[in-house]
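Here the structure is laid out as structure tokens; the discussion comes afterwards.
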Amino acid sequence: MERLLTFDGKGIYCPRADVHIDPWEKVPKALITHGHSDHARWGMGAYLCTHESVPILQHRLGKTNRIQGIAFGENLFINGVKFSFHPAGHVIGSAQIRVEYKDEIWVVSGDYKLANDGISKAFEPVKCHTFITESTFGLPVYKWQNQTAIFDKVNTWWRKNQAEGRVSVITAYSLGKAQRLINGLDPSIGKIYTHGAIENTNSILREHNHFIQDTQFATASYNFKDYQGNMVVCPPSAANSNWVKKFKDFRLGIASGWMQMRGARRRRAADIGFILSDHADWNGLNTAIEATGANEIYVTHGFSRIYSQYLREQGYDAKIVETAFEGERLDSTEEEKIDQTT
Amino acid sequence: MKHFAQLFRQVDETNKTNEKVAALIAYFEKASDEDKLWTIALFSHRRPKRTVNTTLLRTWASEISGIPAWLFEESYHIVGDLAETISLVLPLPTKQSVLSLNEWILSIMNLKDKEEHEKRSFIIEAWNSLETAERFLFNKLITGGFRIGISQKLMSRALARYLKKEENEIAHRLMGDWSPTTTTFSDLLLNEHISADISRPYPFYLAYALETEPATLGSTQNWAAEWKWDGIRSQCIKRDNEVFIWSRGEDLITNRFPELIEMAQRLPDGVAIDGEILAVKEGTLLGFQALQKRIGRKTVGKKLLQDNPVIIRAYDLMEYEGKDIRELSYLKRRGYLKKIVHQMDHFSLILSENVPFSSWAELTNLRKKSRDLGTEGFMLKQLDSPYLSGRKKGDWWKWKVDPYTIDGILIYAQRGHGRRSNLYSDFTFAVWDEDRLVPFTKAYSGLTDAEFKEITAWVKKNTVERFGPVSSVKPMHVFELAFEGIQKSTRHKSGVALRFPRIKRWRKDKPIQEANTLSDLKSLIR
Ligand SMILES: [Zn+2]
Ligand SMILES: [Zn+2]
């Protein structure tokens, strides 16, 4: 008997509806969980994503009428298969895609986190039989503190740098982490400057009524005196380039879940690591999976071998599935390369 | 513990020396004497005796975290550090501890004769009252190995500024055989009777390699040249009629060398000689292997003593007539040293002679004899230089001969440890013997990060067989290996042993047929 969803080497495929979810090869019809470049790729015949994701996809893929929006919770029927999008809490517009046909329900979660970041719509558990989960941080050493505590650390660090007459530079990828971080900064300390890739994303999101604190595009017209004591938010790739040199006397911080490990912190030439991720931590993954009530779990990008073995020991029917998704990366991602050219 | 954790984080997360020093000073200003003393000890690899074994720690940590043992081990493999893995997998603490570093250490030492269940409840209680960063340090107190970028030099600088004393004096006081259980902060660093520990050595003066032509050093008039010997750099001390021999690694090695004790007992009292221990039999220099046998044994048998006798080749003198003479010039210090060696007239104490030369060209020519004499080149020393501590540029230079090189074929690769556990970093190389490949050396260092990544990716794809962490690979890549010495060896399959082998470069241009042969390798033996 054919399954409702399969993995056909091009993406997650629904044969009955003839659509793909987050495909990485060119296909006619794509349902997209969220706007990160490893999930929303160029070259599909048509795209369907949440209304919130539409401007993000347009920004990335060019303005075209091939991108259509759908509301969270709205039902869409294709050849009898019922599709609906539910908040994944990962970044603005990110969704889990629920697929139902007869008595079979699947949920493709894309990337997700359970904590409410105040900017993406908070994660909602969706009951299903089969759940496709990421495992970027699927190891018991990854446990996140709540974001208020992390923002306190960031602001304290900013104040200290300011007192020493330095610029604070933080890396965060341009869709999601950057906005979350900006909204966590204390604007009474100083100004917030942004790299072009982030400022572009910010202005698009602001146009669509998302609240993002005031930021200023760090253009060539500013000099060190303007930046001194202030904050600059840039994508990771910019921190490794000449671009960052213009801040002269600065301290560099990295905001990433990978900063949990001392080795990862020390390997980077950063002054400080802030443990902040838009992916679920170990407890988050386990809680999310339990809440779906699913018995069958497909584990994708991340520590899939280890995490699926753990799930099997917990009584789930868990399998690894190879995809082209990347999870959180510390180096330059495709997403930023595209953004910097636009 | 909170202060100590804060200090650790500050020092750990910066590469900037000034900030490390500033963090240390700020810490010293608020820490108790006991905490200060322990901090100095921990950062110089002195830790309390282990009272709980790591197997127990692992078991308890996975129990408390509710994860299976295999998952703990997988996590450990990825994190690369046991203390850190434990600190991360445990659930967040429900209490807060106000105990100081010193109090924690004393409680850990106190576990020594306790029953297993008592140890268990103490450890679990501790974990539940410490934050992740503190827990990590608590675990390190038990497991040891604070690998952190604080050198002895940096510690001395921070203490010198904090105590408003000379860095040299602090460096000297920090050396030797002390532990927080046998001394106090004031005795170690403040009190006048510095000779409380009569064994205390001086920090060695270590030279940088000369990367330019010696002519850049200016007039030959100001410089002395000595042969650079390849033995054990050591410090031979005689005080209060007792003899102490220290290695450069700050190990007390007196008992390994009975013939040197016998010699040193005739030394005048109150001297410290910097010299090289070499294996010399009837005037012939034996290779480093002969010396290695001596270092390897704690008790020295008669036969070994007869077959591999050692001497000291004296370079310098730091203490004379009980006084620290490091501030005097090289010429003056050598004057006293010569006098001592001359008066001793003992076959186990030889002066490292100044090689006479009148131009740099002449010396360059002389240097070609290095290998034949069994030396590694020259040490160049400024005549008016004081005896500094640690690695310093300017007054002393080592001017080594070029290393030997040979092209070998990569046949085994082994994963690194800790931070390098995801990279292959230990490699075994082979040379041709007819149409067979004979492994002849391992080498660890010398590749760039990019090359490490490239070779790791290649090894993963081209593994033929796996034995634990070791992978045998298809013989496909040639590497140029450099080393400082070569000797016959019966312990090695190839029949040779190399001194300080390392990877010089990856010869991507060479097919494996063009790698060297075993007879090429053996022809290098003198
Ligand atoms: Zn994503
Ligand atoms: Zn992803």
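As given, the protein sequences belong to chains X and F, one line each in that order.
Numbering of the first sequence is given in this note's numbering, commencing with residue 826 and proceeding in unit increments.
Numbering of the second sequence is given in this note's numbering, commencing with residue 3 and proceeding in unit increments.
Positions of the beta carbon are idealized from the N, C-alpha and C atoms, including for glycine.
query: May I ask you to check if the CB of E86/F is nearer than 7 Å to at least one heavy atom of ligand 2?; result: no
query: Please specify which runs of the beta strand (DSSP E), each continuous and at least 3 residues long, are wholly inside the segment 847–882 of chain X, giving them in chain order.; result: 854–856 and 871–875
query: Chain X partners of P70/F, CB-CB under 8 Å?; result: Y1135 and E1138
query: Note down the Cα distance separating V844/X from S919/X, rounded to an integer number of angstroms.; result: 19 Å
query: Distance check for D1103/X and M1056/X, CA to CA, integer angstroms please.; result: 21 Å
query: Given the structure, does H915/X come close to ligand 1, in the sense that its CB is under 7 Å from one of the ligand's heavy atoms?; result: yes
query: Start and end of the alpha helix (DSSP H) containing E323/F?; result: Neither: E323/F is in no alpha helix (DSSP H) and is coded neither H nor E.
query: Is there at least one Cβ from chain X nearer than 8 Å to V475/F's Cβ?; result: no
query: In chain F, which residues lie with their C-beta within 7 Å of the C-beta of L964/X?; result: S77 and I80
query: Could you check the C-alpha separation between E168/F and S188/F for me, to the nearest Å?; result: 16 Å
query: At a Cβ threshold of 8 Å, is E1151/X touching chain F?; result: no
query: Less than 6 Å between C-beta atoms, sequence neighbours within five positions excluded: which residues of the same chain meet that for E136/F?; result: M3 and A7
query: Check whether the segment 68–85 of chain F touches the segment 156–168 of chain F, taking contact to mean three or more Cβ pairs, one atom from each stretch, closer than 8 Å.; result: no
query: Based on Cα-Cα distance, which residue from N104/F, A24/F, E120/F and K18/F lies nearest to L58/F?; result: E120/F
query: Using a Cβ-Cβ cutoff of less than 8 Å, which residues in the same chain neighbour N224/F once the five nearest sequence positions on both sides are dropped?; result: Q384, L385 and D386
query: If contact is defined by three or more beta carbon pairs under 8 Å, each pair taking one atom from either stretch, is the segment 1018–1031 of chain X in contact with the segment 1089–1099 of chain X?; result: no
query: Any idea what DSSP makes of P441/F, helix, strand or coil?; result: strand
query: From what residue to what residue does the alpha helix (DSSP H) around H119/F run?; result: E118 to W129
query: Let me check you understand the geometry: is the CB of D936/X closer than 7 Å to at least one non-hydrogen atom of ligand 1?; result: yes
query: My parser needs the beta strand (DSSP E) runs of 3 or more residues fully inside the segment 1097–1132 of chain X; what are they?; result: 1097–1099 and 1121–1127
query: Grouping DSSP H, G and I as helix and E and B as strand, with all else coil, what is K240/F?; result: strand
query: Compare the Cα-Cα distances from K506/F to each of L526/F, F429/F and N193/F and report the closest residue.; result: F429/F
query: Using only the alpha-carbon positions, how far apart do L2/F and F45/F sit?; result: The question about residue 2/F has no answer, for chain F in this structure spans 3 to 528.
query: Work out the CA separation of V498/F and V54/F for me, nearest whole Å.; result: 42 Å
query: So with CB distances below 9 Å, who are the chain X contacts of N449/F?; result: What sits at residue 449/F in the sequence shown is Leu, not Asn. Correct list: empty, because the minimum Cβ distance to chain X is about 16 Å.
query: Any beta-carbon of chain F closer than 8 Å to the one on I1097/X?; result: yes
query: For D1142/X, name the three-state secondary structure that DSSP assigns.; result: strand
query: Below 9 Å on C-beta distance, what does M1056/X contact in chain F?; result: The contacting residues do not exist; M1056/X stays about 19 Å from chain F at best.
query: Just to confirm, does H864/X get its C-beta within under 7 Å of one of the non-hydrogen atoms of ligand 1?; result: yes
query: Let's see if you can read the secondary structure: which residues bound the beta strand (DSSP E) around Y29/F?; result: Premise fails: Y29/F lies in the alpha helix (DSSP H), T19 to K32, not in any beta strand (DSSP E).
query: Would a C-beta distance cut-off of 8 Å place Y332/F and A226/F closer than the cut-off?; result: yes
query: Near L86/F, what residues of its chain come up, given a Cβ to Cβ distance below 7 Å and the 5 sequence neighbours on each side ignored?; result: The residue asked about is misnamed: residue 86/F is Glu in this sequence, not Leu. So the list reads F138, once near-sequence residues are dropped.
query: Whose Cβ in chain X lies nearer than 8 Å to the Cβ of L139/F?; result: Residues of chain X passing the Cβ test: none, with the nearest at roughly 11 Å.
query: Below 8 Å between beta carbons is the criterion; list the residues of the segment 4–35 of chain F that meet it against any residue of chain X, in chain order.; result: D14, E15, T16 and N17
query: Beta-carbon of R984/X versus every beta-carbon of chain F: anything under 8 Å?; result: no
query: Do we get a CB-CB distance below 8 Å when we pair V498/F with the residues of chain X?; result: no
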